[in-house]
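Accompanying notes for the structure given below.
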Amino acid sequence: MIEFQVDRHSGVATYLQLVSQVKQALRLGVLEPGDRLPTARAVVQATAINPNTVLKAYRELEREGLVEPRPGQGTFVTRS
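Spelled out as structure tokens, the structure:
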């Protein structure tokens, strides 16, 4: 499972940092289709960022066709 790292001094929006990390994990084979992303709550606890930021990143990944939310189950990788 991916562990997000946030650099608050990078000048890059936090949600874009999360999106970039998922894309990199897909390229490196750390994440594969069918893998579940951490819950928004888990990401918030690990990084101390706003839950809406995590949800914005997950929505962007969904818009790009990389993940799909499954109600009651989580957010899953659909393609690499």
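Just so we're aligned: the sequence shown equals residues 943 to 1022 in our numbering. Ideal placement from N, C-alpha and C gives every residue a C-beta, glycine not left out.
Going by Cα to Cα distance, which pick from the options is closest to residue i?
{"i": "Thr1020", "options": "Thr989, Gln963, Leu968 and Val985", "result": "Leu968"}
{"i": "Leu1008", "options": "Gly976, Ile991 and Gly953", "result": "Gly976"}
{"i": "Ala984", "options": "Glu974, Leu997 and Gly953", "result": "Leu997"}
{"i": "Tyr1000", "options": "Phe1018, Ala990 and Gln987", "result": "Phe1018"}
{"i": "Pro1011", "options": "Leu979, Pro993 and Val972", "result": "Leu979"}
Go ahead and pull the three-state DSSP assignment for residue i.
{"i": "Phe1018", "result": "strand"}
Please check the pair residue i and residue j, which I expect to be a contact at CB under 8 Å, by giving their CB distance rounded to whole angstroms.
{"i": "Thr1046", "j": "Gly953", "result": "No statement about residue 1046 is possible, as the shown extent of the chain runs from 943 to 1022 and does not include it."}
{"i": "Val948", "j": "Ile991", "result": "6 Å"}
Only counting runs of 3 or more residues, tell me where the beta strand (DSSP E) segments fall wholly within the segment 951-1013, in order along the chain. Listed in chain order, they are 1009-1012.
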